[in-house]
Amino acid sequence: MEEYLKQLNESQREAVVYTDGPSLVVAGAGSGKTRVLTYKIAYLLRQGLPPQSILALTFTNKAAREMKERIASLTDERTARRLWMGTFHSIFSRILRSEAERIGYPSNFTIYDATDSKSLLRSILKEMQLDDKVYRPGMVQSRISNAKNALITYKAYEQNKELVQHDIDSKVPLLREIYKRYQNRCQQAGAMDFDDLLLQTNILFRDHPDVLEKYRSFFQFVLVDEYQDTNFAQHLIVQRLCEVHRRICVVGDDAQSIYSFRGANIDNILQFKNQYPGCRIFKLERNYRSTQNIVNAANSLIHKNTKQIQKTVYSEKEEGSKVAICSSYSDYEEGYAVAGKINDMRMRNYDYADFAILYRTNAQSRILEEALRKRGIPYKIYGGLSFYQRKEVKDVISYLRLIVNPHDEEAFKRVLNYPARGIGDTTLNKLIVAATDHNVSLWTVLNDPLGYALPVNNGTAKKLSDFRELISGFIERNVKLSAEEIAAAVVKESGIVSVLFQDRSVEGISKQENLQELLKGIAEFCEIRREEGAERVSLADFLSEVSLLTDQDNDKEEQANKVTMMTVHAAKGLEFRNVFVVGLEEDLFPSAMSKDNPRAVEEERRLFYVAITRAEENCVLTYAKSRYRNGQSAMCSPSRFLRDIDTKYIYASADVATDGSFAGTRRSSAFSFPFRQPKAMEEDAYVSPVAQAVGRQARLTRMEAASSSPSSVSTSDLSGLYVGAKVRHDRFGEGEVTAIEGEGGNAKATVSFAHFGQKQLLLKFARLTIIE
DNA sequence: CGCTCGCTGATTTTT
DNA sequence: TCAGCGAGCG
1 MEEYLKQLNE SQREAVVYTD GPSLVVAGAG SGKTRVLTYK IAYLLRQGLP PQSILALTFT
61 NKAAREMKER IASLTDERTA RRLWMGTFHS IFSRILRSEA ERIGYPSNFT IYDATDSKSL
121 LRSILKEMQL DDKVYRPGMV QSRISNAKNA LITYKAYEQN KELVQHDIDS KVPLLREIYK
181 RYQNRCQQAG AMDFDDLLLQ TNILFRDHPD VLEKYRSFFQ FVLVDEYQDT NFAQHLIVQR
241 LCEVHRRICV VGDDAQSIYS FRGANIDNIL QFKNQYPGCR IFKLERNYRS TQNIVNAANS
301 LIHKNTKQIQ KTVYSEKEEG SKVAICSSYS DYEEGYAVAG KINDMRMRNY DYADFAILYR
361 TNAQSRILEE ALRKRGIPYK IYGGLSFYQR KEVKDVISYL RLIVNPHDEE AFKRVLNYPA
421 RGIGDTTLNK LIVAATDHNV SLWTVLNDPL GYALPVNNGT AKKLSDFREL ISGFIERNVK
481 LSAEEIAAAV VKESGIVSVL FQDRSVEGIS KQENLQELLK GIAEFCEIRR EEGAERVSLA
541 DFLSEVSLLT DQDNDKEEQA NKVTMMTVHA AKGLEFRNVF VVGLEEDLFP SAMSKDNPRA
601 VEEERRLFYV AITRAEENCV LTYAKSRYRN GQSAMCSPSR FLRDIDTKYI YASADVATDG
661 SFAGTRRSSA FSFPFRQPKA MEEDAYVSPV AQAVGRQARL TRMEAASSSP SSVSTSDLSG
721 LYVGAKVRHD RFGEGEVTAI EGEGGNAKAT VSFAHFGQKQ LLLKFARLTI IE
């Protein structure tokens, strides 16, 4: 047996080596699911499958990146890079770009994020003069999203009597009209929303059998991670690709299905064996992560759910400490108790990085943050608004989007009067009216105001044409320039820099920093691509990568030694030695929205299951008796889920007693911790926005602070480079040259780095220093 | 057209 | 608590 297969247990190994037909791997929490996937891919590669014929779909960018790294260490960097591995959204956006004209989209289509879609819906609602209290944008958005995830186009929607009737009954009969207009506007703008990426892929495959055939034979083996979280659109894409060769392996855990609000359908995994007759089912039941008490407590909880695949997750680690339940009087004290407990436990040889605080909603993070800060505990928060959603960043990105695709309506609207150039809402609305009347994009109207009879006075007309000139100028230059050059030109010549740098306030400075960060990120992205051999890194290249990037992409370096704070959703797939799950109260966890719906409550229970099973050694559950909600303090009762856990695995903590004694403790302790912490501490406590910089997904670590423009890079003398030389790279550290090929400007060296595996580097760009 | 002030309403989770 | 929106004024 091959060496690496010995690193697997028997059931893992069986799952890995079975490649003859469809298989389902039911992987309990902490059972080595990722391990199976990575080894299986490695196994397929050893069997001679070329990497580019393997399609591996994950749920998050982070999961894809990590798996790629692990495969790179089992094989090599180059092979790993050629795998088709990524999220559904990123993989199929790539495919859609190359096949775009088949379905009537430009290949440089924009991807609308949730904010863009909502804003577009708002303006449609306004145009239709609908009351946004009845047609709440959020509700409309999720209805459309659900329809798309169920592959119901607006045409199908109009014709579906049931849906139309349902809308009439819910007093929102015009939903179908909104959906139709929304879709037309997206198409007009050359834009797809997140759901379109999946819907349009399905349409592409449905209507173009030759295209489907191409990808069918191209992807000889398909693997899907987190299958329990796939929706119908994703499920069908996979099925289309696999129904002929049936070389498919899906991995998941029905007990961890927590995304039904996004259309995920747990039946996809429950019904998999019926979809693929003859499918083999492998169960991974041994949990390597947590102690017995934690596993048993989680099991006793999840058994309260009805629908699930039968399995027995067990741990052979030590029994461990019981799951603690702590109550406190208020949310404030809850935070304080958690912070105190972390400090206590740190005395027992734990690092800050060994702790995670998990909560149901992002809103809960604030008060916890405050408590940690007062105690001087360093922390990092995941989630919340991402780097790209910050106004100043999104404004710049909008310019870039507009340059690549001037029909992009949402980008157009953001940029038209930013920086202020005297084109206000009135003029914008006139543009929109003209555009909708003629069924063209805003940009088209802007290019021929007279032709579309735009009712503006001379002054405004001049302002509009100035704006058009500005953007057209960028578009022309963009043909030749690289992403970083055009971005630099944009911030300078649009006036963004001068506006932003006038503001000396704290927020103003932070905005400037974010802008710098963005530019640096773009430069970094370009440099990485060049090192990989790209000729010119265009703005379109950059945007196509960046639009699907989320905030979860943080840097290992930055993660230093800090407590992790995140929602339970965000914590899926992660593990920590000590986990605090806070806010276990009715109407919060389970959320108030789900309490009347048994299915939804089951999902909340699974969510809680996910939370508990993140813990390796200690798991603390806390609830407060009162909590601030909507600015007002409200009484709350303990979560029903606390009663679902078998009491024999629970320890109801005495140190946070329910009586007044805790309050007294708090006061005295609070006194001994001055409100303000030393400055260094405060700065340290925040995750720098640097951590979220662009291009992270493409590379592993961050460049040194020195900002670099490639033109200024001194091409160090590498003529003395030879195979076997020890070299140092700014980001990859030390390594050994294993091969050199090409000459002059195209000379490439293959370097094997100690921590980053093999890389091929263009000597022209890679800043290598020979150290031996 | 642009800015400021005050009100209101929302809060579940994310690619 | 806070962001986002609308009204009203300069």
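The first sequence: position 236 = 236 (UniProt numbering), numbered continuously.
Even glycine gets a Cβ: it sits at the ideal position worked out from N, Cα and C.
Own chain residues within Cβ distance below 7 Å of residue i, not counting five before or after
i: residue 543; result: 400, 401, 404
i: residue 501; result: 512
i: residue 637; result: 585, 586
Span separating the alpha-carbon of residue i from that of residue j
i: residue 97; j: residue 106; result: 8 Å
i: residue 261; j: residue 175; result: 19 Å
i: residue 627; j: residue 647; result: 26 Å
i: residue 218; j: residue 248; result: 14 Å
i: residue 288; j: residue 34; result: 13 Å
i: residue 494; j: residue 411; result: 14 Å
i: residue 24; j: residue 322; result: 33 Å
i: residue 250; j: residue 310; result: 17 Å
i: residue 623; j: residue 635; result: 11 Å
i: residue 125; j: residue 279; result: 48 Å
i: residue 158; j: residue 169; result: 15 Å
i: residue 298; j: residue 423; result: 58 Å
i: residue 471; j: residue 122; result: 26 Å
i: residue 563; j: residue 617; result: 16 Å
i: residue 497; j: residue 406; result: 22 Å
i: residue 344; j: residue 506; result: 35 Å
i: residue 214; j: residue 220; result: 11 Å
i: residue 145; j: residue 71; result: 34 Å
i: residue 49; j: residue 66; result: 21 Å
i: residue 432; j: residue 414; result: 13 Å
i: residue 576; j: residue 356; result: 6 Å
i: residue 58; j: residue 113; result: 19 Å
i: residue 539; j: residue 94; result: 15 Å
Contacts around residue i, its chain only, beta-carbon distance under 6 Å, and the 5 residues preceding and following it disregarded
i: residue 364; result: 583
i: residue 85; result: 56, 64, 68
i: residue 296; result: 649
i: residue 409; result: 189, 442
i: residue 381; result: 365, 565
Start and end residues, beta strand (DSSP E) containing residue i
i: residue 578; result: 576–581
i: residue 567; result: 563–567
i: residue 625; result: 615–629
i: residue 139; result: Note, residue 139: premise wrong, no beta strand (DSSP E); alpha helix (DSSP H) at 137–149.
i: residue 57; result: 54–58
i: residue 24; result: 23–27
i: residue 380; result: 379–381
i: residue 284; result: 280–284
i: residue 537; result: Counting along the chain, residue 537 falls outside any beta strand (DSSP E), and DSSP gives it neither H nor E.
i: residue 221; result: 221–224
Start-to-end residues for the alpha helix (DSSP H) that takes in residue i
i: residue 399; result: 391–404
i: residue 812; result: An answer regarding residue 812 cannot be provided, because it is not within the stretch 1 to 772 covered by the chain.
i: residue 205; result: 194–207
i: residue 92; result: 88–99
i: residue 122; result: 114–127
i: residue 300; result: 292–302
i: residue 241; result: 232–242
i: residue 156; result: 154–159
Assigned exposure category for residue i - 16 Cβ within 10 Å defines buried
i: residue 47; result: exposed
i: residue 22; result: buried
i: residue 231; result: buried
i: residue 566; result: buried
i: residue 89; result: buried
i: residue 303; result: exposed
i: residue 373; result: buried
i: residue 556; result: Bear in mind that the predicted position of residue 556 carries a pLDDT of just 43, short of 50, making it unreliable; the figure below should be weighed with that in mind. Answer is exposed; the Cβ neighbour count stays below 16.
i: residue 462; result: exposed
i: residue 222; result: buried
In chain order, each beta strand (DSSP E) run of at least 3 residues that lies wholly inside the segment 247–271: Runs of the beta strand (DSSP E) lying entirely within the segment 247–271 and spanning at least 3 residues, in chain order: 248–252.
Give, in chain order, every unbroken run of the alpha helix (DSSP H) that is at least 4 residues long and sits entirely within the segment 309–368. Those alpha helix (DSSP H) runs which fall completely within the segment 309–368 and span 4+ residues are 331–346.
Within the segment 421–494, note down every full alpha helix (DSSP H) run reaching 4 residues or more, in order along the chain. Segments of the alpha helix (DSSP H) lying fully in the segment 421–494: 425–438, 442–447, 458–478, 483–493.
Mind listing, in chain order, the continuous alpha helix (DSSP H) runs of no fewer than 4 residues lying wholly within the segment 492–518? Runs of the alpha helix (DSSP H) inside the segment 492–518: 496–500.
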